[in-house]
Every structure is written in structure tokens, then in C-alpha cells.
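Chains V, Y and U supply the protein sequences, listed in that same order. If you're matching positions, the first sequence starts at 0 in numbering that gives the first Met the number 0 and goes up one per residue. If you're matching positions, the second sequence starts at 0 in numbering that gives the first Met the number 0 and goes up one per residue. If you're matching positions, the third sequence starts at 0 in numbering that gives the first Met the number 0 and goes up one per residue. First comes the structure, then the notes that go with it.
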Amino acid sequence: MLKWIVLAPLIGAIINGLFGRRFLAVFGQRATEKLVGFIACASVGVSTVLAFMVFFGQLWHKQPDADGVRRILDHLFTWLKVGSFQADFAYLLDPLSGVYILFITGVGLLIHIYATGYMHGDPGYYRFFCYLNLFMFMMLTLVLGDNLLLLFVGWEGVGLCSYLLIGYYIKWDVAGSAAKKAFVMNRIGDFGFMIATFLVFTNFHTISFVTKYINGVEVSSFLAQAAASPTVAVGTLTAIALLFFVGATGKSAQIPLFTWLPDAMAGPTPVSALIHAATMVTAGVYLVARCSPVFVKAPTAMAVVAVIGAATAIFAATIGIAQNDIKKVLAYSTVSQLGYMFLACGVGAFVAGIFHVMTHAFFKALLFLGSGSVIHGMSDEQDMRRMGGLRKYLPITYSTMFVGWLAISGFPLLSGFFSKDEILWRTWSTGSLPNNWGRALWVVAAITAVITAVYMTRLMVMTFWGGERFTGARNDHHAGAGHASSGHKDDHGHHGRPHESGWLMTMPLIILAMLSIAGGYVGVPAALGGSNQFEHFLEPAIAKVEPATATHTGAELAPVMAQAESHGAGDVAQASHEGGHDVQTERLFTGISSALALLGLAFGLVFFRRNPLWRAPKLLEDKYRVDEFYDATVVGPVENLSRDGLWKVVDVKIIDGFVNGVARLFAALAGALRYTQTGFARNYAAVILLGAIIVIGYFIVSFFGIRINI
Amino acid sequence: MVPLSWYLALSAVLFTIGVVGVLIQRNIISLFMCVELMLNAVNLSLIAFSRLHTDVTGQLFVFIVMAVAAAEAAVGLAIIIALFRSRETLNVDEADLLKL
Amino acid sequence: MEFSHILFLGLAALAVVAAFNVILQRNPIYSAIGLIVVLCSLAALFLTLSAQFIAAMQIIVYAGAIMVLFVFVIMLLNVRAEETRIDKQKYLKWLAAPLFLALLAEVMAVVQYVNLTPQPLPSANGAADPQGVLGTVENIANGMFINYLIPFEAASVLILMAIVGSMLLARRERKEDVERIEKALVAQQEEEQKYEEEVAA
Numbered sequence: 000m001l002k003w004i005v006l007a008p009l010i011g012a013i014i015n016g017l018f019g020r021r022f023l024a025v026f027g028q029r030a031t032e033k034l035v036g037f038i039a040c041a042s043v044g045v046s047t048v049l050a051f052m053v054f055f056g057q058l059w060h061k062q063p064d065a066d067g068v069r070r071i072l073d074h075l076f077t078w079l080k081v082g083s084f085q086a087d088f089a090y091l092l093d094p095l096s097g098v099y100i101l102f103i104t105g106v107g108l109l110i111h112i113y114a115t116g117y118m119h120g121d122p123g124y125y126r127f128f129c130y131l132n133l134f135m136f137m138m139l140t141l142v143l144g145d146n147l148l149l150l151f152v153g154w155e156g157v158g159l160c161s162y163l164l165i166g167y168y169i170k171w172d173v174a175g176s177a178a179k180k181a182f183v184m185n186r187i188g189d190f191g192f193m194i195a196t197f198l199v200f201t202n203f204h205t206i207s208f209v210t211k212y213i214n215g216v217e218v219s220s221f222l223a224q225a226a227a228s229p230t231v232a233v234g235t236l237t238a239i240a241l242l243f244f245v246g247a248t249g250k251s252a253q254i255p256l257f258t259w260l261p262d263a264m265a266g267p268t269p270v271s272a273l274i275h276a277a278t279m280v281t282a283g284v285y286l287v288a289r290c291s292p293v294f295v296k297a298p299t300a301m302a303v304v305a306v307i308g309a310a311t312a313i314f315a316a317t318i319g320i321a322q323n324d325i326k327k328v329l330a331y332s333t334v335s336q337l338g339y340m341f342l343a344c345g346v347g348a349f350v351a352g353i354f355h356v357m358t359h360a361f362f363k364a365l366l367f368l369g370s371g372s373v374i375h376g377m378s379d380e381q382d383m384r385r386m387g388g389l390r391k392y393l394p395i396t397y398s399t400m401f402v403g404w405l406a407i408s409g410f411p412l413l414s415g416f417f418s419k420d421e422i423l424w425r426t427w428s429t430g431s432l433p434n435n436w437g438r439a440l441w442v443v444a445a446i447t448a449v450i451t452a453v454y455m456t457r458l459m460v461m462t463f464w465g466g467e468r469f470t471g472a473r474n475d476h477h478a479g480a481g482h483a484s485s486g487h488k489d490d491h492g493h494h495g496r497p498h499e500s501g502w503l504m505t506m507p508l509i510i511l512a513m514l515s516i517a518g519g520y521v522g523v524p525a526a527l528g529g530s531n532q533f534e535h536f537l538e539p540a541i542a543k544v545e546p547a548t549a550t551h552t553g554a555e556l557a558p559v560m561a562q563a564e565s566h567g568a569g570d571v572a573q574a575s576h577e578g579g580h581d582v583q584t585e586r587l588f589t590g591i592s593s594a595l596a597l598l599g600l601a602f603g604l605v606f607f608r609r610n611p612l613w614r615a616p617k618l619l620e621d622k623y624r625v626d627e628f629y630d631a632t633v634v635g636p637v638e639n640l641s642r643d644g645l646w647k648v649v650d651v652k653i654i655d656g657f658v659n660g661v662a663r664l665f666a667a668l669a670g671a672l673r674y675t676q677t678g679f680a681r682n683y684a685a686v687i688l689l690g691a692i693i694v695i696g697y698f699i700v701s702f703f704g705i706r707i708n709i
Numbered sequence: 000m001v002p003l004s005w006y007l008a009l010s011a012v013l014f015t016i017g018v019v020g021v022l023i024q025r026n027i028i029s030l031f032m033c034v035e036l037m038l039n040a041v042n043l044s045l046i047a048f049s050r051l052h053t054d055v056t057g058q059l060f061v062f063i064v065m066a067v068a069a070a071e072a073a074v075g076l077a078i079i080i081a082l083f084r085s086r087e088t089l090n091v092d093e094a095d096l097l098k099l
Numbered sequence: 000m001e002f003s004h005i006l007f008l009g010l011a012a013l014a015v016v017a018a019f020n021v022i023l024q025r026n027p028i029y030s031a032i033g034l035i036v037v038l039c040s041l042a043a044l045f046l047t048l049s050a051q052f053i054a055a056m057q058i059i060v061y062a063g064a065i066m067v068l069f070v071f072v073i074m075l076l077n078v079r080a081e082e083t084r085i086d087k088q089k090y091l092k093w094l095a096a097p098l099f100l101a102l103l104a105e106v107m108a109v110v111q112y113v114n115l116t117p118q119p120l121p122s123a124n125g126a127a128d129p130q131g132v133l134g135t136v137e138n139i140a141n142g143m144f145i146n147y148l149i150p151f152e153a154a155s156v157l158i159l160m161a162i163v164g165s166m167l168l169a170r171r172e173r174k175e176d177v178e179r180i181e182k183a184l185v186a187q188q189e190e191e192q193k194y195e196e197e198v199a200a
């Protein structure tokens, strides 16, 4: 059953990929669009339905395994078996992957439907949906894989699909370069992933997430091994964790491998929404959460994750304030929010991180799709400085984006508020980092929250409120080169006013808006009166943090807030250094989070209503010149080395020289040997005579000794 | 009595002269005659050994060698005639078409 | 020094001098005459070795037929003495003497080995051959037609081949032959072309 969740999009991809062109030739553009779009959405729809069925029908009611985790395993075949190394092609559904497949398929389906409207008129329609379905297949493989190798297949696959889709406008050079940049940076992260996998296998002798029988011996998963007893040195575990985090850095765009994500906005907007907001970039968080038993045993790694997460969050937020392209603002916002998720994982609140992944998928997809609707309605205008006052022209888009704006800023009672608040609280109260680091990180995260609200408000103000700035500038846009949009999308002939998009595009917006509002309620912490079903459900699948100063007594569970609360006088060891759970403090911080959000919103509204075209400091607008720095330090030297060193010396001189040299050697030999064939019979006779003398001489010497008596 | 080795020595000298003649001579027909000289030297040596063992086989050998020499002379001269017709020269160095 | 020795030495000297004449003369007629002298002196030596029949054969066949053939061909081709043309292989002149000496030395070494146990040839009417029938016609006929019949017959076939071959090789080109050959060549070329076209298609 699980396999059909994964394979349905693959089938859609194959049909669209193989036959799309023929459809185009036979049916013409319009009918093909309907057919291809239907096939694509139907395959994802099948996935979605099955995912919900399996999740709520089977997993929900399943009995937990021996270690308390509910699992469903769908084994297809044994893929690789070499000695003691075994990698199966099997899908594992446990709470963690279950949550992921729900929002991947759900949000994915909505984005597919949106894309059928957005990509209308594009000649490569079938190609787009083939890649999109392929991406779904890869992402689901990543999330449902039961061992590191299958996860890596999905990992690489989503990277590939990201490349294909970012570079979808094949005639646009910028898109091609952005696609390559994304792929190469991903690859750097993949290197870390691979080394980590090797280390895992060397130390734990298995790369599987479940217990397997290898050669008749039962081998438990490396996660269980890591959690059970410290047979592996902490240093090794730290190395493994850090290397996995390097992989996550590449995939989820953290410092230092984040520069590809803003450039990836060169792809079509549904791609940005699906891949670079909701799904692919969350793969890194998935990896960290999945390997949490390893992480919790390596406190140094956790600290690194937390610090980098927080740093990325504030770094990207400050850049986001300065951007003028609507999609770039959202891109940097994604990087910033991903920083939040990693911060959560780093302080041990993996569940909170996953919660934020889910809510972020809702509101960020909403924001991206909304921005796509704006761009579409403005006939491919992406610069916010030329927008303004669109509220009356794009009502549905405006109202849905309004919801998204509030959600991401952490406005109380929306989904984003709950997840962000949870992260902030956990950061402050964490027991896994050295003293007061938690508090310092909280300060960073809090400032970031304010900046988030500010730049999102700026986006809303510049786009939807205030005076209309687009009439005069539109003519320039059409006359000028613009951002090469003329090559890849046809204007719908709406050179006049901005227009609202069709129902295919607005319906997903509405649904996502509803999810953004309501999606947070599954995770309301107990301190605020909720039952936090989310946390209960996910908990057993994810490791708990051991407190930094714990005495490692029997029950070494760091206090889980909601559980302690709901179990009343729990039997949880009160070993955390803050001396137990404090509901009051949590409620206080909730209030502080709300205040921060409102503060940011208010400031943004006031400031940007007055001067919407405020220019940020050049440094921020130049993205801190990180790209230029990378160019100078990494890309430039590598290019020079390749060109002058590897190409000119190794390839041309050594390899070609060797091969050509062999040929020249033989030619020279032949040239020398040519002189023996003179054609003169007397020469030949002389040589024969000479040879005969030598041979006879040899025989004389050997038979008769060297005696010549004359 | 004349020892055997004298006859052999004479045969060796004649043979060597023939060999060197093949190297030196530029006229094809003279070249051919030097080859005949070599054959005769061998004939002498065969007859000497036949005398040593008092066996007529050596002489029969010589008989056959002479027959073969005759045939070879005939064919060889025919070739030389054909060569001369196309080339108008009897210089053996002119026949160098096998050169690379 | 017995008479036989003197006889041998004289004949040997004659043969060697004539042989040098053969190789060193420019005019092929002179070389031919030198060769005839060699043949005759060898025939005499054969006589001293009780090979009467062979000696006669030598004179009749070798000197009388083969050398005559040579002389005919020389005269037919109207060969004159070699003008002093540029010798393309000058080095052979210098190489010849050393090679001569080398080969001679080697063969002499072998002969010396034979001489370690000097074997005088048995006397003509000695114990081995009391009647002196070694080289007589009957003896040779006996050996040839009884023991070595097959080589004899093979030699006759060989001579037949030689006859046919030499007639064919020395033939003047007739016009019909030339045309026939050219036609055959052209046909063969066309066939090759057709084959190549087939392969390429």
C-alpha cells in the first residue's frame, strides 16, 4: 500500500514525459494542457488520498513496536546485499514520515492544481508536469525510505528535479546558471552526507532505520544502537552528526550553503512554492530529525546546529528587508524560517521544529502562490517598487496573502504563532546547551521574529496598499528588457489593468489560507490549554534530549512540557537545570512572542505606509556580497585551477602528450625501420651473408670451443 | 693420398668466392654465374665425401643437383630476358621496386 | 709430395684463379669463360675422386649446355661491358673483403676440426672398392634406378616445369595477349567497384 503513494507520481511523470510531446502534436496546446494537467494532478491526488488513508486508517490505530514507535513497513525488494551491507528498497511509515507525507502530498496537490492555471500557454507544459511529478516521487522516496541509501536516492533525486525545474526556462541563461548553482551547492552538502553514511556503516554496521535480519543475524537500526548504549565514541558520533548537518546545510540552505536559494527564484513560481518553500528545503530538517538519536548523543553537534540555525535566521532576515523583488523577499524569508527549524532541532526541540516545518509549508506555499498570482496578474512584473494598491484589483489574492502575512509574522492564534512560539520557548528553556547559550539564542531569534514581521509587512504594504506605481513604469517594462520574461511566458494581452487569476489559481490559495489559520491547533502546547496531539504523536519517533547536567539516572527524559502537564504528577525525573517546568514562564513567553509579532507589524505598517520606497543600506541590498565573496575565494580559484592546471597541463600536455607520444613513437620507429627495405637485391644478399656468418660463428663457438689451430 | 680436408678447403674457398661475387657484381647475368659457382663448390664437396665412404649416393646427389641447376639456369635466364625487355638494363640495382 | 698432391694443387689453383676471374670481371663474357675454366678444373678433380661419370656429366651438361645457354643469352641481350656507372651501393665493395675473410675463417675452422682426425681418402683399388666401380656408369645406374628412382622421376618433372616456365617467361608480348590482359584488368576493377558500392549501401 505504501508503495503506491510513492509510485503514483512516478507513473504520472512517465506518462507525461513519454507521451507529452505526442499529445501536443495530436491534440494541440489547449487540450494537451487539460490532459497533462489532469494526469499530473490525478497522480498526486491518488498519492494524497492514499497517504491520508494509510495515515489515519492504519498508522493511527497501529500498535506501537517494541520501542514504542508505530511503524508500517512496505518491503519491495532487497536492493543491495554485499557481505554485511544490506540496503533494501522498502518504505517505512512512522509518525515522522507520516506527518511529512501528509503535508507533502496535500500541499503538493494544491500546488499542482495551481500550476495548471499558472503555466497556461507555456509550450513546455508537459515537461513541467513531468518534472513536477518526478519531484514528488523523489521527495516521497526521501521521506519514506527505510535506510540511508534510499533516503539518499530521494535526496539526490530532489536535487536533480530542483535543477530541472529551476532551469525550466531553458532559453534563459540566468535560469540555467541558477540551476547549476543550486545543484553544485547541493552536491557539496551531499559529500558530507555520504561521508556520514560511510561512518555510520563503519561504526554501526547498518544504515537502516529499522531492525533488519542480515545474514541471519538480527541487527537493530543504527538509531536504536546509538540511543541504546554508547559503544561508539562521542567524537565519532559528533563527526557523523556534523557531516549529516553539512548535507542538511546544502539542501536546506543554511550558512554557508544558502546562496543558491534566492537565485533559484528564476524558476516558475509553483516550483519556488513547492520545492523551495514547502518540501525540498525541509528535507534537511527531516534528516536531522530522523537521525536525532545520533544528534542527542553529540551535544557539540547540537550546539553547532543551533548556532548556525539562529545565525542564518537573523542573517537572512536582514537581507530580506532590503530586497525589491517579491520572490526574493520570500526566498530569504524561507532561509530565515529554515534557520528557525534548525535552531529548534539544535536545542533539542525536534518536535517543535517539525511542527514549524508543517506550518511553514502552509503559509509559505500560500505566500509564494499568492505572489505568483500577483506576478501573473501584473503580467510578469516582479519588482515591488512598481506595484502598489493592488488590493482592489486582486481581492482574493490579497485576502489570502493577508492571512499568510499574519501567519508568518506570528500573529497570535494563527498557525505560525504556535509553532514559532514553541520554538522560542524551547530555545530559552533548553537544557542541552551550555549555560545561557539558550538565552542568547532566544534573543537572536526574537530579534529575527521582529524583523520577519517588518519585512513581511513591507512586502504587503508595497504590493497591496498605497498608491499605484505601476502605470508609468509598465510602459518602460514592456519596452525594456525586463527580466527576460518575454521569452518564457506569453502576455495574456492584458496590458491594461492588473487582473485577478482564475479559479484554478485562487482555489488553492483559499485552501492554504484556511490551513494557515487552522493548522496550528494540533500543536497547541498544554501551557495554553491545548492537548498538543502533534507532540504526543511524534514524540516516540524522535529522540529526547539528555539534559546537560543530568545524573543519567534511569529515566533520563528531559521534561516534556505537555506530557508532564497532562500526566499531572508525572514520574519524570526532575533533572533539568532549571528545576522543573514552569507554566507561568511559558505563558509569559507566549505573551512576549505575541508582543514581538505585534510590534513588528505595527512598526512595519507605520514606517512603510509613509515611505514605501525606502531604500535599505547598500550592504543589505547587496546580500552582504556573499556571492561575490564565494566567487573570489572558491569559484575563481577552482576555475583557474581547472583551466590552467588541469586542462592546459594535465589534459593537453600529459594525457594528450602521452597518447600522441605513443603514436609518434611508432611513427618514428617505422621511419627508422623503413631504411631496411631498400629494394636492392645486393643489400639483401649482404645482410643474409652477415646473418649466416653470425649464426655459423655461434655454432662454431658452441660446438668446437674457441680453438683455431692454423 | 690427398687428405679429405684439402678438398673441403677448396670447396669452401670456391663457395666463399661465389658468395662474395654475388655481393660485388652488378650485372645480373654475372650474378647468376656466381650462384652457379657456389653450386659447383658444393658438388665438389659431395663427391669428396662420396669417395670417403665409397658410397655412390653422393654422386647421385650431384647428378640431381646438376639437373636442378640446369632447370634453374633456364628459368632464371628466362626471367632475366623478361626483365631486360622491360627495363633495357642489366644493372641489378635498377630493379628496386620493392623499396619503401 | 706425391704426384697426386701436385695434381690437386695445380687444379685447385686454376679453379681459384678462374673463380676470382668470374667475380671480378666487368664483361660478362669474360666471366662466363672464367666459369667454364672452373667447371673444367672441377671435372678433372672429379676424375681424381673416382667420379668418372659425373666428370663427364659436368663437361657435357654443365660446361656444354648450361654455359652455352648463358653465352647465348649474353649475346642475345647484346650486353656490353658495364660503363662506369655510379654504383649505388659503394659500401659493398668495402664490405666484401671482410665478409670474405670472415666466412673463410669460419669454414676453415670447421675444416680444421675435420682435420683433427685426418682422413686420407681410400685408395682407388683399395679394400673398400677393389674393382674400382665407384664412379662407373653401371654403379650409378644401379643406384639411381633402384634406390633413388623417385628423385630421378621428380627431377624429370622438374625439368618439364622448367621448360614450360622458361618458354612462357621469355615470350615476347603479343598484342592479343596485351589486350586480353588489359581487358581482364578492367573487368576486375569494375567488379571491385561494384562490390564496394554494395558494401557501402
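Glycine is no exception: its CB is placed at the ideal position from the N, C-alpha and C atoms. This structure is a prediction, so every number in the text was calculated from the model and none was measured.
In the three-state reduction of the DSSP assignment, G120/V falls in the coil class, being assigned neither a helical nor a strand state. The straight-line gap separating the alpha-carbon atoms of I22/U and N39/Y is approximately 15 angstroms.
C-alpha of I509/V to C-alpha of F361/V: approximately 11 angstroms in a straight line.
Approximately 3 angstroms separates the beta-carbon atoms of G308/V and F341/V; this is inside 8 angstroms, confirming the contact.
Between F7/U and chain Y, the shortest Cβ-Cβ separation is below 8 angstroms. Comparing C-alpha distances from A169/U to each of A70/Y, S29/Y, K98/Y and G75/Y shows the shortest one belongs to G75/Y. Between the C-alpha atoms of P267/V and L273/V there is a straight-line separation of about 10 angstroms. Here L94/U carries a helix assignment [DSSP, helix/strand/coil].
No residue range can be given for K391/V, since it is assigned to no alpha helix (DSSP H) and is classified by DSSP as neither H nor E. The three-state reading of DSSP puts P616/V in coil, since its state is none of H, G, I, E or B.
The C-beta distance from M400/V to M459/V rounds to 7 angstroms, short enough to meet the 8 angstroms contact threshold.
Not flagged as an interface residue toward chain Y: L13/U, since no C-beta distance is shorter than 8 angstroms. In the three-state reduction of the DSSP assignment, I509/V falls in the helix class. Assignment of alpha helix (DSSP H) within the stretch 267 to 332 of chain V, counting only whole runs of 4 or more residues, yields 268 to 272, 282 to 289, 291 to 295 and 298 to 321 in chain order. The residue among V91/Y, E87/Y, I28/Y and A68/Y with its C-alpha nearest the C-alpha of F71/U is I28/Y. With a cutoff of 8 angstroms on beta-carbon distance, T451/V and A316/V are scored as near each other.
Cβ neighbours of A41/V within its own chain (closer than 8 angstroms, five residues either side excluded): G11. Rounded to whole angstroms, the gap between the alpha carbons of L337/V and L75/V is 33 angstroms.
Taking each of F197/V, L159/V and G191/V in turn and checking the Cα distance to K179/V, the smallest one comes out for L159/V. When the beta-carbon positions are compared, F151/U and I46/Y stay at least 8 angstroms from each other. The alpha carbon of S4/Y has as its nearest neighbour, out of I5/U, I139/U, Q118/U and Q88/U, the alpha carbon of Q118/U. Cβ neighbours of I73/U within its own chain (closer than 8 angstroms, five residues either side excluded): P27, I28 and A31.
Between A684/V and L22/Y a beta carbon distance of about 6 angstroms is seen, short of the 8 angstroms cut, so the two are scored as contacting.
Look at A186/U: its C-beta is not under 8 angstroms from any C-beta on chain V. Residue-level contact by beta carbon holds for D128/U and chain Y, with a gap shorter than 8 angstroms. Taking 8 angstroms as the cut-off, the Cβ atoms of T278/V and I103/V count as close.
Relative to the Cα of D379/V, the nearest Cα in the group I446/V, F628/V, F469/V and H355/V belongs to F469/V.
Within 10 angstroms of the beta-carbon of F84/V lie fewer than 16 other beta-carbons, which makes it exposed. Secondary structure of N138/U (DSSP, three-state): helix.
At least 8 angstroms separates the beta-carbon of F244/V from that of A288/V. Our two residues, D145/V and F294/V, have alpha carbons roughly 19 angstroms apart in a direct line.
T589/V counts as buried, since no fewer than 16 other beta carbons sit within 10 angstroms of its beta carbon.
In this structure the stretch 149 to 167 of chain V does not touch the stretch 31 to 50 of chain V; the number of beta carbon pairs closer than 8 angstroms is below three.
Contact check between the stretch 69 to 86 of chain Y and the stretch 36 to 56 of chain U: fewer than three CB pairs, one atom from each, fall below 8 angstroms, which does not count as touching. Across the stretch 663 to 695 of chain V, CB contacts with chain U closer than 8 angstroms involve F679, R681, N682, A685, L688, L689, A691, I692 and I695, in sequence order along the chain.
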